[in-house]
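Structure first, commentary second.
Protein chains in written order, with the UniProt record's numbering: chain A, 1 to 123; chain B, 1 to 123.
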């Protein structure tokens, strides 16, 4: 492939490439620290709600519906910036969290490291 | 759900939850700057190769095979740390890149921002 050869890669039209289930992966990153907080899926409805409200919305595959992060816990994610990747099939949401991003109560969902013999807690 | 209630969430056994296609999402993050560089999928083979060699390997859905990032471009990703999320269905690879992570020649695949009227280049 040549450098930035396609319209999706080089252009400025937003044309999100949803998967066969109508979903696109969204990486949630703390806008200040750069820490990756969580990973979830959006459908077109969740993406539209996020752009409209600037609060992160996702599509729950298990519940089959739109959800706003923090709708029950109160731990909403204020979206400062949305980045789009080269082939427009993944997003980065740069957010300011109002509390722990993980439903376990951890600040980030990525609180364990994989070593040769299994998982360990990050310091 | 109660805090860290399940073995997958609270335990230290690595039990990656692959999707129906046998894949798990991998967020690639620069170990130094924290910048998100790319997003790709791994299968069990790619994850094993990554853990063994400490070079990032993925599963290409379009080509249906294992690929080592940089195998043709030379722009390999040295993996310093692998983080696992609460329900073990997403990974963060903290890497040291040896060149641009994106096949377009950009340092990161996330080189555009989504605004109200479409995409714009990040500064």
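Glycine included, each C-beta is placed from N, C-alpha and C at the ideal position.
CB contact flag (residue 36 of chain A, residue 29 of chain B, <8 Å): Looking up residue 36 of chain A in the first chain gives position 36. Looking up residue 29 of chain B in the second chain gives position 29. In this structure, residue 29 of chain B lies closer than 8 Å to residue 36 of chain A by Cβ.
3-residue-minimum beta strand (DSSP E) runs that sit fully inside the region 41-120 of chain A, ordered along the chain: Correct list: 57-60, 65-68, 77-84, 90-97, 112-115.
Secondary structure of residue 8 of chain B, DSSP reduced to three states: Counting from 1 along the second chain, the entry for residue 8 of chain B is found at position 8. Helix at residue 8 of chain B.
Under 7 Å by beta carbon: chain B residues contacting residue 27 of chain A: As a first step, residue 27 of chain A is located in the first chain; it is residue number 27 there, counting from the start. 27, 36, 39, listed in chain order.
Chain-order list of residues whose beta-carbon lies under 7 Å from that of residue 100 of chain B (same chain, five-residue window excluded): Along the second chain, one-based indexing puts residue 100 of chain B at 100. 75, 106, 107.
Contact list for residue 14 of chain B against chain A, beta-carbon separation under 8 Å: The residue you call residue 14 of chain B lines up with position 14 of the second chain. Within chain A, the residues placing a beta-carbon under 8 Å from that of residue 14 of chain B are 114, 118, 119, ordered along the chain.
Counted within 10 angstroms of its Cβ, other Cβ atoms place residue 97 of chain A as buried (16 or more) or exposed: Within the first chain, the letter at position 97 stands for residue 97 of chain A. Classification of residue 97 of chain A: buried, given that the 10 Å Cβ count is 16 or more.
Residue-level contact to chain A via CB, residue 82 of chain B, 8 Å cutoff: Your numbering for residue 82 of chain B matches position 82 in the second chain. Cβ-Cβ to chain A under 8 Å: yes for residue 82 of chain B.
Touch test, the region 8-25 of chain B against the region 37-50 of chain B, Cβ-Cβ under 8 Å, three pairs minimum: Flag = yes, the region 8-25 of chain B and the region 37-50 of chain B touch.
Backbone secondary structure at residue 19 of chain B - three-state DSSP: Position 19 of the second chain, counted from the first residue, corresponds to residue 19 of chain B. In this structure, residue 19 of chain B counts as coil in the three-state DSSP scheme.
Outcome for residue 7 of chain A when other beta-carbon atoms lying within 10 angstroms are tallied against a minimum of 16: The count along the first chain starts at 1 and reaches residue 7 of chain A at position 7. Exposed, by the Cβ-count rule.
Which listed residue (A/60, A/87, A/50) has its alpha carbon closest to that of residue 62 of chain B: Locating residue 62 of chain B in the second chain gives position 62, counting from the first residue. Of the candidates A/60, A/87, A/50, A/87 places its Cα closest to the Cα of residue 62 of chain B.
C-alpha gap between residue 91 of chain B and residue 116 of chain B, whole angstroms: Translated into positions along the second chain, residue 91 of chain B becomes position 91. Translated into positions along the second chain, residue 116 of chain B becomes position 116. Cα atoms of residue 91 of chain B and residue 116 of chain B: separation of roughly 30 Å, rounded to the nearest angstrom.
Cβ-Cβ distance between residue 112 of chain A and residue 84 of chain B below 8 Å: Here residue 112 of chain A refers to the residue found at position 112 when the first chain is read from its first residue. Here residue 84 of chain B refers to the residue found at position 84 when the second chain is read from its first residue. Yes, the Cβ-Cβ distance between residue 112 of chain A and residue 84 of chain B is below 8 Å.
Assumed close pair residue 50 of chain B, residue 57 of chain B - CB separation to whole angstroms, cut-off 8 Å: For the purposes of this step, residue 50 of chain B is identified with residue 50 of the second chain, where counting begins at 1. For the purposes of this step, residue 57 of chain B is identified with residue 57 of the second chain, where counting begins at 1. Right, the Cβ-Cβ distance comes to about 5 Å (below 8 Å), so this counts as a contact.
Proximity to residue 70 of chain B [Cα-Cα], best of B/53, B/89, B/103: Residue 70 of chain B sits at position 70 when you count from the first residue of the second chain. Taking only the C-alpha atoms, the option nearest residue 70 of chain B is B/103.
Pair within 8 Å by beta-carbon distance, residue 12 of chain B and residue 118 of chain A: Within the second chain, numbered from 1, the residue matching residue 12 of chain B stands at position 12. Within the first chain, numbered from 1, the residue matching residue 118 of chain A stands at position 118. Their beta carbons are under 8 Å apart, which means residue 12 of chain B touches residue 118 of chain A by this criterion.
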